[in-house]
Amino acid sequence: MTEVQDFGRQLGEFSRGLLGATGADEGTEFVSDGRAESEIRGFLAELQEAYARADIDWIVNSLAEDFTTYELVALDGSPVVIREKAAMREYLTTLFPASGENQVKSITANQVVATATLGLINEEGDVVISKADTTKEHQPLRASALAVRTEDGWKWRHWHMSEAGPRFRVNAAGVPIDDNGQVIPGARVVTQDGVGRVVVDGHETRPGVTLAPGQTRRD
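Terminal number for the sequence shown in the UniProt record's numbering: 219, no gaps in between.
Structural data, given as structure tokens:
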């Protein structure tokens, strides 16, 4: 079984659990659809652009009527489940940066499989909020998303966001800083597979740990 076929098998199992009778039939060999996969990648790119311009209407309209999303609360990264478009609209009003700030998602679809009617994406990357004081806040993310083709085109049936690592802040020069805006001695940002993390003297920092000026992590 090839990697694509195995991913397609997982897609079929997942879709049967999520969509019931509309999912792939058990035992059916998965056959990928290159054109559909390209369309799904484009649909994801459009979603990212909508988030970048804070286009709540576009995001809500991209959802299927019976969608479910597992999101992260903007303030602290805690999980939240959203099943109604009105609730999604309310959530989005809390998500976007304040006036004078900018949000950019650098999310890469590292795996996409699709049939003519169903597509699954695995993705990872970073959400970066540029603050008015020239600092930047990073939230590394991983996500999976399921799209279904409807009479109105592709719609998102489900997505699941999770943290790929702790949030961190950098100054205008890209150097990690603590909650007080002070440079963390010996700290630097390391990026792997599109996901950034802060290391201090070669050791990764832990979530919830704030380093005081002059303090380094060695444990």
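Beta carbons are placed, not taken as given, at the ideal position from N, Cα and C, and that holds for glycine. Just so it is clear, the structure is predicted and the values come from calculations on it, not from any experiment.
- Rounded to whole angstroms, the gap between the alpha carbons of G77 and R149 is 31 Å.
- Between A143 and H160, the alpha-carbon positions lie close to 5 Å from each other.
- The closest CA to that of I177, considering only V80, T115 and H138, is found on H138.
- Here the alpha carbons of R53 and G34 stand approximately 29 Å from one another.
- Less than 8 Å divides the Cβ of Y91 from the Cβ of E71.
- Excluding the 5 residues flanking it on each side, F43 has same chain C-beta neighbours closer than 7 Å at A147 and W154, in chain order.
- Taking the C-beta atoms as reference points, R197 is found nearer than 8 Å to G165.
- Counting only the Cα atoms, V80 lies some 24 Å from A45.
- Boundaries of the alpha helix (DSSP H) harbouring K85: K85 to L95, taken from the DSSP string.
- Among the bridge pairs identified by DSSP, T150 is matched with G153.
- Pairing T68 with T135, the inter-Cα distance amounts to about 34 Å.
- In this structure, DSSP gives Q182 a state outside helix and strand, which the three-state scheme calls coil.
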